[in-house]
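Only one structure is covered here, and it is reproduced in the block below.
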Amino acid sequence: MKTFEVKVEIRPAKGVLDPEGRAVLSTLGSLGFGGVKSVTVGKIIEMSVEAEGEAAARERALRMCGEFLANPVIEVFSVEVSGGRGGG
1 MKTFEVKVEI RPAKGVLDPE GRAVLSTLGS LGFGGVKSVT VGKIIEMSVE AEGEAAARER
61 ALRMCGEFLA NPVIEVFSVE VSGGRGGG
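Residue 72 in the numbering used here sits at position 72 of the sequence shown; the count goes up by one each step and never skips.
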C-alpha cells in the first residue's frame, strides 16, 4: 500500500443559498473592502489515504464524499490526489 495526500473541496451547489457567503460579503463591505461582488464559503478537507494506487485513492475519496463528507443534494465537491509514497 502507498500513502496518498487527498484534498477535498466542498462548496454549495449552484443555485443553493449560501447564507455564510452572504454574511461574509456584507461584512467585507462594512469593513470598507468594496468591489467584492460575490463570496462563496466552503470547506477543504485534507487527509492521508492508504491505497494500492492513485485511482484507488481517488475512488475511496469520492465514496467518502458521496456517503459522508458532502451533502450531494446541496453541495458539489472536487478531489485532488497526490503523492504515492511508501509501500512497494
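We put the CB at the ideal spot given by N, CA and C, even for glycine. Model, not experiment: these values are computed from the prediction.
Q) Among the residues of its own chain, which have a CB less than 7 Å from the CB of ALA13, if the five just before and after it don't count? A) Result list for ALA13: ILE74, GLU75, VAL76, in chain order.
Q: Please name the residue, chosen from SER82, THR40, VAL41, ALA70, that lies closest to ALA57 on a Cα-to-Cα basis.
A: Of the candidates SER82, THR40, VAL41, ALA70, the one whose C-alpha sits nearest the C-alpha of ALA57 is SER82.
**Q.** Distance CB(SER78)-CB(GLU5) smaller than 7 Å
**A.** In terms of Cβ geometry, SER78 and GLU5 do not form a close pair [threshold 7 Å].
(Q) Going by beta-carbon coordinates alone, are ARG85 and THR3 separated by less than 7 Å? (A) Yes, the Cβ-Cβ distance between ARG85 and THR3 is below 7 Å.
**Q.** Per-residue DSSP class, three states only, for GLU52
**A.** Note: GLU52 maps to coil in three-state DSSP.
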